[in-house]
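A.B. asks: Counting the sequence shown from 1 gives a position; my numbering is that position plus 95.
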Amino acid sequence: MLSLKFLPFNVSSLQKAIVFWRSLSPIRKSRRTTERAIAAFHYYEELSRLDIKQMKRSYMKIGRSHKRIGYDIGYTIKLERLEEVTKVNSVITSKIAKMALDGLEGIVLQYPTGDDLRNVRESLRHLIRDWSSEGAQERSVIFRSILETLSQVDESQRNGIKVLVPGSGLGRLAWEIGEMGFDTSANELSPFMNIAFRFLLSPDETPAVSYHSLHPFAHWFSHQRSNTTLFRSISFPDALPRLSGFFRLLEGDFLQLATPEKYDYVVTQFFIDTSLNIISTLEQIHRLLRPGGVWINLGPLLWTGGAQAALELSLEEVHSLADKVGFEVDPRSRKIIDCEYTADKEAMMKWIYRAEFWTAKKRKHSD
Ligand SMILES: C[S@@+](CC[C@H](N)C(=O)[O-])C[C@H]1O[C@@H](n2cnc3c(N)ncnc32)[C@H](O)[C@@H]1O
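(1) In angstroms with no decimal places, state the Cα-to-Cα distance between Glu451 and Arg293.
(2) Roughly how many whole angstroms lie between the Cα atoms of Leu109 and Tyr436?
(3) Out of Asn372, Ser246, Ser227, Thr188, which has the shortest C-alpha to C-alpha gap to Asn214?
(4) Judging by CA-CA distance, which residue of Ser308, Pro336, Phe316 is the nearest neighbour of Met150?
(5) Starting from Lys162, trace the alpha helix (DSSP H) both ways and give me its first and last residue.
(6) By alpha-carbon positions, which one of Leu265, Gly266, Glu283, Arg253 ends up nearest to Ser125?
(7) Below 8 Å on the Cβ atoms is my contact criterion, and I expect Leu259 with Val361 to pass it. Report the Cβ-Cβ distance as a whole number of Å.
(8) Taking Ile432 as the reference, which of Arg239, Glu346, Gln205, His137 has the closest Cα?
(9) Where Ser415 and Asn392 are concerned, what is the direct C-alpha to C-alpha distance, given to the nearest angstrom?
(10) Give every residue of the same chain whose Cβ lies closer than 6 Å to the Cβ of Ala281, excluding the five residues on either side of it in the sequence, and list them in chain order.
(11) Within 10 Å of its beta-carbon, does Tyr358 have 16 or more other beta-carbons around it, so buried, or fewer, so exposed?
(12) Ser125: beta carbon under 8 Å from a heavy atom of ligand 1?
(13) Assign Asn322 to one of three DSSP states: helix, strand, or coil.
(14) On the DSSP bridge list, what partners appear for Val248?
(15) Consider the C-beta atom of Thr369 and the heavy atoms of ligand 1; say whether any pair is separated by less than 8 Å.
(16) Would Phe341 and Gly388 qualify as a contact pair, given that the criterion is a beta-carbon distance under 9 Å?
(17) Are Ala303 and Leu338 touching if we call contact CB-CB under 9 Å?
(18) Given a cut-off of 9 Å, decide if Ala313 and Asp211 are closer than it, judged by their beta-carbon atoms.
(19) Can you tell me where the beta strand (DSSP E) with Leu344 in it begins and where it stops?
(20) For a test of your reading of the model: does the CB of Glu283 fall under 8 Å from any non-hydrogen atom of ligand 1? Yes or no.
(21) Is Arg343 near ligand 1, in the sense that its beta carbon is under 8 Å from a heavy atom of that ligand?
(22) Check Val424 in the structure and name its three-state DSSP category.
(23) Taking the CB atoms as reference points, tell me whether Pro286 and Glu217 lie closer together than 9 Å.
(24) Check whether the Cβ atoms of Phe331 and Ser297 lie closer than 9 Å to each other.
(25) Determine the contact status of Ala135 and His221, defining contact as a CB-CB distance below 9 Å.
(26) Quick check: the Cα distance between Met444 and Thr354, rounded to an integer number of angstroms?
(27) Where does Thr363 sit, in a helix, a strand or coil, going by DSSP?
(28) Near Thr324, what residues of its chain come up, given a Cβ to Cβ distance below 6 Å and the 5 sequence neighbours on each side ignored?
(29) Mind checking whether Leu295 and Glu271 have CB atoms under 9 Å apart?
(30) Using only the heavy atoms of ligand 1, determine whether one of them is closer than 8 Å to the beta carbon of Leu145.
(31) Along the chain, where does the beta strand (DSSP E) containing His307 start, and where does it finish?
(32) Since I believe His310 is in contact with Ser328 (beta carbons under 8 Å), could you give me their beta-carbon distance rounded to a whole number of angstroms?
(33) Which residue comes first and which comes last in the alpha helix (DSSP H) that contains Leu58?
(34) Starting from Ile191, trace the alpha helix (DSSP H) both ways and give me its first and last residue.
(35) Helix, strand or coil, according to DSSP, for Leu142 in the structure here?
(36) Tell me the DSSP secondary structure of Pro355 in three-state form.
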C-alpha cells in the first residue's frame, strides 16, 4: 500500500481531535463522517496525485545511472500510467461525491486525511468484489453456505420472512438474499460504503449492467506480476441492484437500530469482529430476532487492535458468550471456510482466512 505522509499529526493534536470527537452528538458525528467521506471521494484524484508526486520524488533521489535503468525498463512510464488511470477512476469518485452532495445542504468539504483516501480506495475494491464478474469466484465461496441455509426455506414462504444483514458493506450479499425472495434489509454504518452503494442503486447514475469501469488495483504496486495486471480495467456492475419494498438499505449504526419488527434471520458476514464491544453486538442480534429466529454467521475474528475493542475473544469464548446471551449454536452447522476477502486474484500472494460458519437459534424463552 502507498504511504500518505502529507498530513502530519502530532500526539497532542491527535488527543485534542479525539476529545473534540467524543464531545459531538451522534447526529453531528454522523454528519461529519458523511462530509469526510464525500470530501474523500471528491478529492480522490488530487490526493492520489500527491502520493504519486511522492513516488516520483523517491525515484528521482536515486543516482543517474539507476534512473537511466529505471527509465529503460519503463518505470517512469508506469508512474505516468498510474496518473492516467487515477484520472479515469476519478470519473467514478467525482460522480459518487456529486450524487451524495446533491441531497445535502450547507456542506463544507474539508481536505481529507490519508486514512480517508485509503477508505475510498478500499470502497472501490469492495465495489469490484461485490459487483463485477471479477469478484464472482470470491463471492461464491463466502456466500455459498449462507445462501444454502436460507434456500431451505420454502420459496412460497419467503416473502413473509424478514432478513437483516448488518455491516452489509457494498450490499451484494443482502441483495442476493432479496433476489431469493426474502424481505431483506441491509444495514451499514460507513458512509464510504453507503454513498458508493447508493451510486449503484440509482437508475440515473447506473442505468445498465457494465455501465462503469474502474482500475481498482492500480494503487497496490506490491505482488503484481505485470503492469497489465496492475492497471487492468474492470467493468461493473454485473447485476443491477435497486431498492424496493422488499429490499431496503438502513444507513446507520446497527447498535442503534430500533426497528419495531423482529427479524426471522440476522446474517453477519465478516462483521462481528468489527465490534468495539462484542457483547453489545450479540445482545443486539438477539434483541432484533424473534424467538426461534436464526443468526447465521461467517467470518474470522480479526479484532480491531490497539485496545480499541473492549474484548478480543477466542472462538470458544464467542460461543460461550452466544450461549449466555440466549443462543443455541447448532454444532452440526459449524464448518471452516477457507476464503479470501477483496483479493486481487492476479496477485503474487494470497491471504486466506479460515473463516468460521455457524447458525444459532434464539432460545424461545430468552427475551
Ligand atoms: C469487514 S466489513 C464486511 C462487509 C460485508 N459484510 C462483506 O462481507 O463484504 C465490516 C462492515 O461492517 C460495517 N460496520 C461496522 N460496525 C458497524 C455498525 N455498528 N453498524 C453497521 N455497520 C457496521 C463496516 O462499516 C464495514 O462495512
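Ideal placement from N, C-alpha and C gives every residue a C-beta, glycine not left out.
C.D. replies: Looking at the atomic coordinates:
(1) Cα-Cα distance, rounded: 30 Å.
(2) The predicted model places Leu109 with a pLDDT of 42, which falls under 50 and marks its position as unreliable, so this point remains unresolved.
(3) Cα-wise, what sits closest to Asn214 is Thr188.
(4) Just measuring C-alpha positions, the residue of Ser308, Pro336, Phe316 sitting nearest Met150 is Phe316.
(5) Per DSSP, the continuous alpha helix (DSSP H) segment holding Lys162 begins and ends at 159 to 167.
(6) For Ser125, the nearest C-alpha among the options comes from Glu283.
(7) Their Cβ separation, rounded to whole angstroms, is 5 Å, which keeps Leu259 and Val361 in contact under 8 Å.
(8) Closest by alpha carbon: Arg239.
(9) Looking at the two C-alpha atoms, the distance is approximately 15 Å.
(10) So the list reads Val260, Ser263, Gly266, Ala269, Leu344, once near-sequence residues are dropped.
(11) Buried.
(12) Ser125: no, Cβ never under 8 Å from ligand 1.
(13) Residue state, collapsed to three classes: helix.
(14) For Val248, which the question treats as bridged, DSSP gives no partner whatsoever.
(15) At a threshold of 8 Å, Thr369 counts as near ligand 1, since its beta carbon sits closer than that to one of the ligand's heavy atoms.
(16) Contact flag unset, no.
(17) It is not a contact, given that the beta carbons lie outside the stated cut-off.
(18) Asp211 places its beta carbon 9 Å or farther from that of Ala313.
(19) Leu344 -> beta strand (DSSP E) spans 342 to 346.
(20) If you check the C-beta of Glu283 against ligand 1, you find a heavy atom less than 8 Å away.
(21) The answer is no for Arg343.
(22) The DSSP-derived three-state label of Val424 is strand.
(23) Annotated as distal: Pro286 and Glu217, with beta-carbon spacing of 9 Å or more.
(24) With contacts defined as CB atoms closer than 9 Å, Phe331 and Ser297 fail to qualify as a contacting pair.
(25) A distance of 9 Å or more separates the beta carbons of Ala135 and His221.
(26) Going from the Cα of Met444 to the Cα of Thr354 covers about 43 Å.
(27) Three-state result, Thr363: strand.
(28) The residues are Glu441.
(29) Contact flag unset, no.
(30) Because no heavy atom of ligand 1 lies under 8 Å away, the Cβ of Leu145 does not count as near it: no.
(31) Counted as a single uninterrupted DSSP element, the beta strand (DSSP E) harbouring His307 occupies residues 307 to 309.
(32) Contact holds; Cβ gap of about 5 Å.
(33) No answer is possible for residue 58: it lies beyond the span of the chain, which begins at 96 and ends at 462.
(34) It spans 170 to 197 - the alpha helix (DSSP H) in which Ile191 sits, taken as one unbroken run.
(35) Correct three-state label for Leu142: helix.
(36) Coil.
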